[in-house]
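Inspection log for the structure reproduced underneath, given as structure tokens.
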Amino acid sequence: MTEPELLEKYEPVLRFAKSERFFPMAVEPYVERCSLFASGPLGVAEFLLHHGEPLIGRMGKLKSEQFYIRFVNRALNDSDAWVWLAFLSVLGMAGGWLSAGWVGVEFSFTISFIVGLILFMLASPVRLRIIPAALAALFFIALEVAPIWFFLHPNRQIGIAVEYLVLLPIYLVALFYLSVRTMKFILDHIVPEGPGMVMDVLSQATEKIAQEAYGEYSRILDANPQPVYYGRVLHENDALNRWTILQYHFFYAFNDWRLAANGMNHHEGDWEMVAVYLKNEEPYAVLFSQHGAGHIERWDTVNRVVEKHGEKTTHPLVYVALGSHANYNRPQVIRSHDLHRTGRIQRLLLWVDGLIHYIFLLLNPSEKARQIALNEISMRQMDIFDENAFAELRDEEDHYLVSLPLEMATGDGFRAGSRSAHLHEHFMKSDSYLKRSKSNRKTTHPKVNEWQRVLLNSEPDWVQYKGLWGVKSWLMEESGPPGPKWDRPQDGQVGVLERKRWGRPLDWLAELEKHSH
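Given below as structure tokens:
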């Protein structure tokens with residue numbers, strides 16, 4: 047059997063979550079839209095040496111890892127728009143002064159402020175959806191504070207007695223109610239977005255970038271409507287057995303895990319892989335890439351595509367996690383602070399998020415809410431300040447206080463691969479775990495379900511590229527990933543090493559088998 051026939055025989059079927067926006071694609075149309083940047087002295091020297099050459103051909107000639115490519119190249123802040131806003135604002139206020147005095151100036155200033163706010167929302171590097179929520183919170187606060195002026199300036203027509211003995215108590219009750227509602231609104235709609243907003247500020251892959259990447263990818267799909275995998279066939283021998291390793295590499299334009307499912311990172315570019323291991327020509331196991339690590343599933347337990355008459359095919363069924371694109375062999379939803387190797391900043395933000403919610407429970411006018419917080423103190427005592435103290439705490443409506451990352455391999459969306467009947471394939475409902483605004487967000491699917499197969503054994507030039515397939519960020523996990531062949535450089539390491547799963551696939555198998563026991 048030829049290598050392409052082997053790949054086709056065992057190629058996996060990928061099931062995505064309902065609101066997934068990015069699917070396995072060809073490298074070339076992505077790179078065509080990218081710009082190359084140097085990130086160190088060796089990179090600068092090579093950049094100048096190969097300047098002017100087409101990027102897809104130049105990538106294989108670069109020996110250094112000190113490079114990154116950027117998919118979304120449009121600047122976030124359109125300086126011309128701000129200059130025009132400033133000019134028109136001054137012109138409008140001058141016209142307002144001439145026509146209506148200070149009233150005209152105030153009116154013009156208000157209009158300019160609103161336009162400037164809209165421009166900021168469109169160009170903001172932070173989470174866009176927090177801005178309307180913040181404005182709504184300000185409106186709530188204004189409703190609470192505005193009547194204070196009325197009571198500080200007694201109205202003789204109403205009478206002081208009526209004002210202070212009748213209206214003031216009514217106002218104080220309304221003020222208390224509105225204060226509680228405002229705090230609840232802030233905790234429900236603003237505080238949960240706080241960790242992600244801070245990460246967006248520190249990142250080079252903000253929500254705005256994610257939205258623009260989705261737009262670029264949608265345009266690519268118009269011309270390239272078929273999902274793509276890069277197949278690779280390796281033959282290895284150990285002391286007793288002959289091995290054939292079939293690798294299926296998937297490239298995604300963007301990882302929007304934080305935006306899609308409150309995950310811990312965003313980054314341009316994403317490389318994932320599924321591998322089928324044949325032992326003495328018989329299928330032995332399937333290996334799934336997950337967040338830089340992996341998982342092994344023995345062939346006899348592998349979830350596979352089933353034909354109409356109930357017979358299992360040789361196509362592994364893979365459930366791809368929403369946004370993160372980690373691969374699982376069955377539908378599942380994981381909510382855990384230990385889901386990913388989070389950095390100190392991410393862990394601190396989650397803890398602060400939980401602490402704020404906990405304090406509000408403690409001060410809540412609802413007796414049930416206060417009792418939940420007091421019970422937590424009595425059970426945990428000083429452990430209440432542990433890093434994960436609030437991870438499983440629920441409010442009086444049985445909602446989790448802390449919005450931990452969700453790994454959502456639900457499989458209720460697009461299906462890429464074999465056209466075999468899939469009536470027997472299980473899936474979960476994304477709507478049961480995500481807010482409607484997320485589970486029903488706009489998506490663009492490939493127009494064709496069947497795979498386009500590209501053989502990688504000849505190693506095209508871009509495979510040799512050692513730089514990052516996305517922007518380099520201040521935070522390592524927010525940077526684009528290295529390519530399928532190379533590992534991410536560690537602190538203090540000179541150069542990059544070849545991935546174990548690429549160059550030593552039997553070592554990767556042994557490693558995952560060891561961890562599975």
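For the sequence shown, our numbering gives the first residue as 47, with consecutive numbering after it. Even glycine gets a Cβ: it sits at the ideal position worked out from N, Cα and C.
Neighbourhood of residue i by C-beta, 8 Å cutoff - its chain only, sequence neighbours within 5 removed
i, result
"I418", "L407, L439, R440, D441, E442"
"V364", "P58, V59, L60, R61, V320, F334, N373, Y374, N375"
Buried or exposed by the 16-neighbour rule on C-beta atoms within 10 Å, applied to residue i
i, result
"S485", "buried"
"N301", "buried"
"S65", "buried"
"T252", "buried"
"P273", "buried"
"K230", "exposed"
"F159", "exposed"
"F133", "exposed"
"A339", "exposed"
"E328", "exposed"
"L122", "Per-residue confidence for L122 stands at a pLDDT of 43, beneath the threshold of 50, marking its modelled position as unreliable; the derived number appears in the next sentence. Under this definition L122 is an exposed residue."
"Y323", "buried"
"Q250", "buried"
"H281", "exposed"
"K254", "buried"
"M425", "exposed"
"E559", "exposed"
"G356", "exposed"
"P271", "exposed"
"Q293", "buried"
"H561", "exposed"
Span of the beta strand (DSSP E), counted from its first residue to its last, around residue i
i, result
"M319", "313 to 325"
"V448", "Unbroken run through V448: none, as it is neither H nor E."
"Q378", "378 to 381"
"S81", "81 to 84"
"E343", "339 to 344"
Pairwise C-alpha distance: residue j and residue i
i, j, result
"D507", "R288", "30 Å"
"G431", "R376", "As written in the sequence, residue 431 is Phe, which differs from the Gly given in the question. Distance between the alpha carbons of F431 and R376: 36 Å."
"G98", "L395", "44 Å"
"V542", "K512", "7 Å"
"G381", "P535", "Here residue 381 turns out to be Arg, not Gly, going by the sequence shown. The straight-line gap from Cα to Cα measures roughly 29 Å."
"D246", "E314", "13 Å"
"L368", "F473", "13 Å"
"A140", "W130", "15 Å"
"L480", "P215", "42 Å"
"Y275", "L88", "32 Å"
"A307", "R482", "12 Å"
"G86", "F113", "8 Å"
"K493", "D268", "8 Å"
"T156", "L163", "11 Å"
"S504", "S519", "32 Å"
"V219", "L213", "10 Å"
"I177", "L184", "11 Å"
"P528", "L53", "24 Å"
"Y330", "V348", "10 Å"
"E524", "H312", "6 Å"
"L401", "L447", "9 Å"
"L521", "L248", "7 Å"
Own chain residues within Cβ distance below 7 Å of residue i, not counting five before or after
i, result
"L221", "E190"
"P50", "R499, L501"
Spatial neighbours of residue i in its chain, beta-carbon cut-off 6 Å, leaving aside the 5 residues before and after
i, result
"E343", "V332, N375"
"Q392", "M310"
"K546", "D553, W554"
"F460", "F62, H491"
"H371", "Y298, D316, E318"
"G138", "S154"
"S464", "V59, V351, H361"
"R416", "N410"
Endpoints, the alpha helix (DSSP H) within which residue i is located
i, result
"L558", "551 to 562"
"H235", "214 to 235"
"A91", "87 to 95"
"G103", "101 to 104"
"L305", "303 to 307"
"A331", "Run containing A331: none in the alpha helix (DSSP H); it sits in the beta strand (DSSP E), 328 to 336."
"H470", "From DSSP, H470 is part of no alpha helix (DSSP H); its letter is neither H nor E."
"N283", "From DSSP, N283 is part of no alpha helix (DSSP H) but of the beta strand (DSSP E) over 274 to 283."
"G261", "253 to 269"
"E78", "73 to 78"
"K358", "Premise fails: K358 lies in the beta strand (DSSP E), 358 to 366, not in any alpha helix (DSSP H)."
"G400", "390 to 408"
"I430", "No alpha helix (DSSP H) holds I430; DSSP gives it neither H nor E."
"R416", "413 to 426"
Any non-hydrogen atom of the ligand GTP within 6 Å of residue i CB
i, result
"L131", "With respect to the ligand GTP, the structure shown offers nothing to examine, as it has no ligands at all."
Worksheet item: Which full runs of the beta strand (DSSP E) of 3+ residues lie inside the stretch 496 to 542, going along the chain?
Response: Qualifying beta strand (DSSP E) stretches, in chain order: 498 to 501.
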